[in-house]
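Quick notes on the structure that follows.
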Amino acid sequence: MTVKTMARAAAVSLGLALLAPALAQDAPPEAAKTAFEKTERLENLRYRHLWIAYGTIWLVVFGFAFRTWQRSERTAKELDDLKSRLADLEGRNG
Amino acid sequence: MKLFPVMAVVGAAAVAAAHYLTFIVAPMERTMGAAQRIFYFHVPSAWLCYLGFILGFVGSIVYLYNRKAKADAFALAAVEVGLCFGLIVLLTGPLWARAAWGVWWKWEPRLTSMALLFLIFAAYWVLRSFGGRGEGVRRFAAVLAVFGAPNILFVHVAVKKWRGDHPDMVVSNGLTSDMRLALYPSLLALLIVFFLLLHLRYRAHRDALTVQAIRRRLARLRGI
Chain V
1 MTVKTMARAA AVSLGLALLA PALAQDAPPE AAKTAFEKTE RLENLRYRHL
51 WIAYGTIWLV VFGFAFRTWQ RSERTAKELD DLKSRLADLE GRNG
Chain H
1 MKLFPVMAVV GAAAVAAAHY LTFIVAPMER TMGAAQRIFY FHVPSAWLCY
51 LGFILGFVGS IVYLYNRKAK ADAFALAAVE VGLCFGLIVL LTGPLWARAA
101 WGVWWKWEPR LTSMALLFLI FAAYWVLRSF GGRGEGVRRF AAVLAVFGAP
151 NILFVHVAVK KWRGDHPDMV VSNGLTSDMR LALYPSLLAL LIVFFLLLHL
201 RYRAHRDALT VQAIRRRLAR LRGI
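Line order of the protein sequences matches chains V and H.
Residues in the first sequence are numbered from 1 upward in steps of one, following the numbering used here.
Residues in the second sequence are numbered from 1 upward in steps of one, following the numbering used here.
Here is the structure:
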């Protein structure tokens with residue numbers, strides 16, 4: 001098992017672990033809501049946890065994008081190298 | 001690739017602007033309070049999750065029709081991005097549910113069908129990640145995507161059809177104008193992130209295929 005495989009397995013396990021506590025909950029009955037109504041109440045401090053949650057999510061998403069970009073850059077360099085080696089070899093073999 | 005830094009900066013700025021509109025400009029909802037603000041990212045993420053799976057479906061159909069590796073690479077990239085947004089939906093939904101319902105999760109139709117849809121495409125991703133790169137695995141995964149994508153319809157109609165507790169269709173008629181002012185820029189910001197990720201993942205899979213092909217050709221030439 002490679003490091004890459006283990007990392008993927010760890011990511012899947014982490015996802016399931018995050019879902020597990022949620023799946024264990026029971027639910028009280030409540031009617032469906034069909035419209036949002038606005039209020040003038042200010043509760044800025046009470047949704048600080050939302051900032052933290054979304055901050056973490058975007059950090060992970062952009063981190064994932066950055067890692068993919070880094071890998072793509074490496075692959076692109078490898079591709080250029082392989083293409084020049086191929087051209088050399090094809091030139092030598094006529 | 002010089003496009004990435006520009007797109008990443010544009011995407012990050014758009015997400016930051018969407019956060020400003022969501023947390024500062026959008027009004028406080030009367031009954032749900034701050035938790036309702038999850039809606040401005042939760043709903044666009046769900047739409048983009050659908051979009052990722054639909055593009056995965058289209059890529060898989062094209063691959064099954066013409067067996068072009070690029071179509072398969074596109075399908076895989078689209079499913080990966082769809083899963084990324086699906087994970088955002090499944091993580092932010094419970095945050096809202098805890099505040100609105102008092103529990104993290106309910107086995108109600110919308111939530112259950114969404115979890116099942118996610119698991120179907122997670123199975124596709126696991127198959128592609130651990131099943132090797134053979135033609136059989138690609139075909140099997142493509143068929144899985146083709147049969148998995150129509151479940152989006154079940155997720156979409158779940159609230160109306162089976163009368164669950166999930167808020168229903170508030171986007172069309174249940175939002176005030178300043179709530180819409182937060183929702184649509186959020187959708188645009190997430191759309192930029194969606195296409196940035198799709199482009200990156202597609203390029204990564206396509207280049208990996210080209211590297212493999214050139215290596216095989218080099219090996220053949222050396223064997224002459």
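Using N, Cα and C, we set each Cβ at its ideal position, and we do this for glycine too.
The alpha-carbon of residue 89 (chain H) is positioned some 17 Å away from that of residue 149 (chain H). From the beta-carbon of residue 49 (chain H), no residue of chain V is found nearer than 7 Å; the closest lies around 13 Å away. Shown here, residue 73 (chain V) sits in a helix according to DSSP, grouped into three states. The Cβ neighbour count for residue 6 (chain H), taken over all protein chains shown within 10 Å, is under 16; the residue is labelled exposed. The shortest C-alpha to C-alpha distance from residue 184 (chain H) to any of H:15, H:35, H:3, H:4 is the one to H:15. In the three-state DSSP reduction, residue 91 (chain V) falls in the helix class (H, G or I).
CA-to-CA, the gap between residue 124 (chain H) and residue 93 (chain V) works out to about 43 Å. Of the residues V:79, V:48, V:49, V:53, the one whose Cα lies closest to the Cα of residue 91 (chain H) is V:53. Our two residues, residue 106 (chain H) and residue 75 (chain H), have alpha carbons roughly 31 Å apart in a direct line.
Chain V has no Cβ within less than 9 Å of the Cβ of residue 157 (chain H).
When only Cα atoms are considered, residue 8 (chain V) and residue 212 (chain H) end up about 22 Å apart.
Assignment of residue 33 (chain H) by DSSP, reduced to helix, strand and coil, places it in the strand class. Counting only Cβ-Cβ distances below 7 Å, residue 72 (chain V) has contacts in chain H at 1, 200, 203, 204, 207, in chain order.
Within chain V, the residues 86 have their CB atoms less than 8 Å from the CB of residue 217 (chain H), given in chain order. Residue state for residue 108 (chain H) is assigned as coil, using DSSP reduced to three classes.
Residue 162 (chain H): member of the alpha helix (DSSP H) spanning 151 to 162, first to last residue. Taking the CA atoms as reference points, residue 99 (chain H) sits about 9 Å from residue 33 (chain H). Counting only unbroken stretches of 4 or more residues, the alpha helix (DSSP H) elements lying wholly within the segment 57 to 105 of chain H are 69 to 100, in sequence order. Scanning H:108, H:86, H:93, H:140 for the CA closest to the CA of residue 118 (chain H) turns up H:86. Of all residues in the segment 50 to 63 of chain V, only 50, 51, 53, 54, 57, 58, 61, 62 place a beta-carbon less than 8 Å from a beta-carbon of chain H. Rounded to whole angstroms, residue 96 (chain H) and residue 39 (chain H) show a C-alpha spacing of 8 Å. For residue 133 (chain H), the secondary structure class from DSSP, reduced to helix, strand or coil, is coil. Across the set H:222, H:134, H:25, H:164, the C-alpha of H:25 shows the shortest separation from the C-alpha of residue 186 (chain H). Using a CB distance below 8 Å, the part of the segment 17 to 39 of chain H facing chain V consists of 19, 23, 27, 28, 29, 30, 31, 32, 33, 34, 35, 36, 37, 38, 39, ordered along the chain. By the neighbour-count criterion, in which 16 or more other beta carbons inside 10 Å mark a residue as buried, residue 216 (chain H) falls on the exposed side.
Between residue 4 (chain H) and residue 18 (chain H), the CB-CB gap reaches or exceeds 9 Å.
Contact between residue 81 (chain H) and residue 198 (chain H) holds, since their C-beta atoms are separated by about 5 Å, short of 8 Å.
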